[in-house]
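Numbering that gives the first Met the number 0 applies: residue 0 is where the sequence shown begins, and numbers increase by one. First up is the structure itself, then whatever we jot down about it.
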Amino acid sequence: MRARILRRLHRTSLAGLLGVGLAVAGLASAAPAAETASGDRQAAGVSEAAGAVDAGDTADAADAAQLPGPLYIDPDSQVRRWTAANPGDSRQPVIADRIASQPQARWLSQYNPGTVQQQVAGYMSAAGDALPVLAVYGIPNRDCGGASSGGAPDLPSYQNWIQLIAAGLGDHPVVIILETDALALEDCLDQSGRDARHAALRQAVTTLKSADPQAHVYLDGGHSGWHSPADQAARLSASGVAEADGVFTNVSNFRTTAEELAYGKQILAAIGDPDLNLVVDTSRNGNGSNGEWCDPSGRALGTNPTLETGDDAVDALLWVKPPGEADGCAAGAGQFVPDLAYALATN
0 MRARILRRLH RTSLAGLLGV GLAVAGLASA APAAETASGD RQAAGVSEAA
50 GAVDAGDTAD AADAAQLPGP LYIDPDSQVR RWTAANPGDS RQPVIADRIA
100 SQPQARWLSQ YNPGTVQQQV AGYMSAAGDA LPVLAVYGIP NRDCGGASSG
150 GAPDLPSYQN WIQLIAAGLG DHPVVIILET DALALEDCLD QSGRDARHAA
200 LRQAVTTLKS ADPQAHVYLD GGHSGWHSPA DQAARLSASG VAEADGVFTN
250 VSNFRTTAEE LAYGKQILAA IGDPDLNLVV DTSRNGNGSN GEWCDPSGRA
300 LGTNPTLETG DDAVDALLWV KPPGEADGCA AGAGQFVPDL AYALATN
């Protein structure tokens, strides 16, 4: 594991030098001073709970975790706001205990170049010594015009937005889930559109990691019920995954953790880079999938978020899709629905 970490540090240093070189050549502009997600798709908007969840206080636990914890719990998430505003609701104690208490991703799903740098900088500052998770979700033609459509108006605007996000990171450790479904759902694009998207993701990885060497960036692996591992690996390789930290799977979906670990490891084997690791979204996979992606009934919370996975190939099990935030059928994509949250917590 230490050898891999050293290789990652070396690669991050090279990414930083590349970013400097591009800027000197006039190919990378400085970020201007500034200012959700999928079922097989979907969107969110905000996420989480207050404080941090400890990833391990002992030296042995620190060795076991491959990301610098503890995970940050956002006090201003939709579920936290709902539980605070509804103390007399019969569902509130269960939702507060099972969901609001857990760290979840903050989604950057609004194209907001005027405010996003300040938003990100404030979130990094609020996280303190904890590890925040950002789900960046603004690529043009997002969700192929589906329930979570939106994003930047064009690719140059998207790169400017990414530069602003990068400028807000500072040097804070952060996990970045970069563009859910951008690769698994790219089949709505023609070949030139796919090539342009791959190039945009490559540049986004370089921008984020050059700005913040402590940013851990993961690219879209879809999920185990979608594309073959070889197909998804080819899309990832074309999109600069070699310069990232790994691959995420199952974001906003329901496949079991066992299915996703097997699938994700097949993707990594097909890519063939020993430095890359997995992140799996376990927020709603406790009962597995029933084949539906949009607010299906009968689903359950999965394993609580953790950095201590017990598997050297798996960096984290995370709640990227905040439980209770709709896929776009029960309510608008990303809107918190207490009935959805309560069902997930009690099924």
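Yeah, the Cβ is synthetic: ideal placement off N, Cα and C, and Gly gets one too.
Item                                                                                                                                                                           : Value
Smallest Cα separation from V240: which of V119, A325 and H197?                                                                                                                : H197
Comparing alpha-carbon positions, which option in Y122, A203 and N286 lies nearest L154?                                                                                       : A203
Could you compute how far the alpha carbon of E34 sits from the alpha carbon of G113?                                                                                          : With a pLDDT of 29 at E34, under the threshold of 50, the modelled position of this residue cannot be trusted; read the value that follows with caution. Near 4 angstroms, if we compare the C-alpha coordinates of G113 and E34.
Do the CB positions of S355 and E258 come within less than 7 angstroms of each other?                                                                                          : The shown model of the chain, from 0 to 346, leaves out residue 355, and the question about it has no answer.
Look up F335 in the DSSP assignment and give the residues it is bridged to.                                                                                                    : E324
Grouping DSSP H, G and I as helix and E and B as strand, with all else coil, what is I72?                                                                                      : strand
Within 10 angstroms of its Cβ, does S296 collect 16 or more other Cβ (buried), or is it exposed?                                                                               : exposed
Does the region 306-319 come within contact of the region 278-289, defined as at least 3 CB pairs closer than 8 angstroms?                                                     : yes
I'd like the list of long-range same chain contacts for A183, defined as Cβ closer than 8 angstroms, with 5 residues on each side in sequence excluded.                        : D39, D219, G220, G221, H222, W225, H226, Q231 and R234
Using only the alpha-carbon positions, how far apart do A212 and S251 sit?                                                                                                     : Sequence inspection shows Pro at residue 212; the Ala mentioned does not correspond to that position. One C-alpha to the other measures close to 28 angstroms.
Going by other Cβ atoms of all chains shown within 10 Å of its Cβ, with 16 needed for buried, is G271 buried or exposed?                                                       : exposed
Considering only DSSP beta bridges, list what L277 is partnered with.                                                                                                          : V246 and V313
How many Å lie between A99 and P322 at the Cα?                                                                                                                                 : 9 angstroms
Which residue wins for smallest C-alpha separation from L70, given the options Q265, Q103 and R79?                                                                             : Q103
Based on DSSP bridge pairs, tell me the residues matched to W106.                                                                                                              : A134
Are the C-beta atoms of N276 and some chain D residue less than 7 angstroms apart?                                                                                             : In the structure shown, chain D cannot be found, because there is only a single protein chain.
Please name the residue, chosen from D326, L267, A95 and G309, that lies closest to W292 on a Cα-to-Cα basis.                                                                  : D326
Report yes if the C-beta of L306 is less than 6 angstroms from at least one heavy atom of the ligand SAM; otherwise report no.                                                 : Questions concerning the ligand SAM fall outside what the structure shown contains, since it holds no ligand whatsoever.
Enumerated in chain order, which unbroken segments of the beta strand (DSSP E) with a length of 3 residues or greater are wholly contained in the region 261-305?              : 276-280
Between the region 80-98 and the region 133-151, can you find at least three pairs of beta-carbon atoms closer than 8 angstroms?                                               : no
Out of curiosity, what's the CA-to-CA distance linking A269 and A199?                                                                                                          : 22 angstroms
Find out if the Cβ-Cβ distance for the pair V278, A243 is shorter than 7 angstroms.                                                                                            : no
Which residues mark the beginning and the end of the alpha helix (DSSP H) in which D211 is found?                                                                              : That residue, D211, is in no alpha helix (DSSP H); it is neither H nor E in DSSP.
Less than 8 angstroms between C-beta atoms, sequence neighbours within five positions excluded: which residues of the same chain meet that for A84?                            : none
Does the distance from the C-beta atom of Q65 to that of D338 stay below 7 angstroms?                                                                                          : no
Going by DSSP in three states, D219 sits in which element: helix, strand or coil?                                                                                              : strand
How many angstroms separate the CA atom of F253 from the CA atom of A261?                                                                                                      : 15 angstroms
What residues in its chain sit with their C-beta under 7 angstroms from that of W160, if we drop five residues either side in the sequence?                                    : Y110, P112, V115, G137 and A151
Determine the direct distance from the alpha carbon of N249 to that of A342, and round the result to whole angstroms.                                                          : 20 angstroms
Report the rounded CA-to-CA distance for D75 versus L177, giving the unit in angstroms.                                                                                        : 22 angstroms
Apart from the five residues on each side of it in sequence, which residues of its chain come closer than 6 angstroms, Cβ to Cβ, to C328?                                      : C293 and D294
Apart from the five residues just before and just after A237, which ones in its own chain have a Cβ nearer than 7 angstroms to its Cβ?                                         : H197
Report all residues from its chain with a CB closer than 7 angstroms to the CB of A312; omit the five preceding and five following residues, and keep chain order.             : K264, L267, N276 and L277
Helix, strand or coil: which one does DSSP assign to L177?                                                                                                                     : strand
Label G333 either buried or exposed according to how many other C-beta atoms from any shown protein chain fall within 10 Å of its C-beta, with 16 as the threshold for buried. : buried
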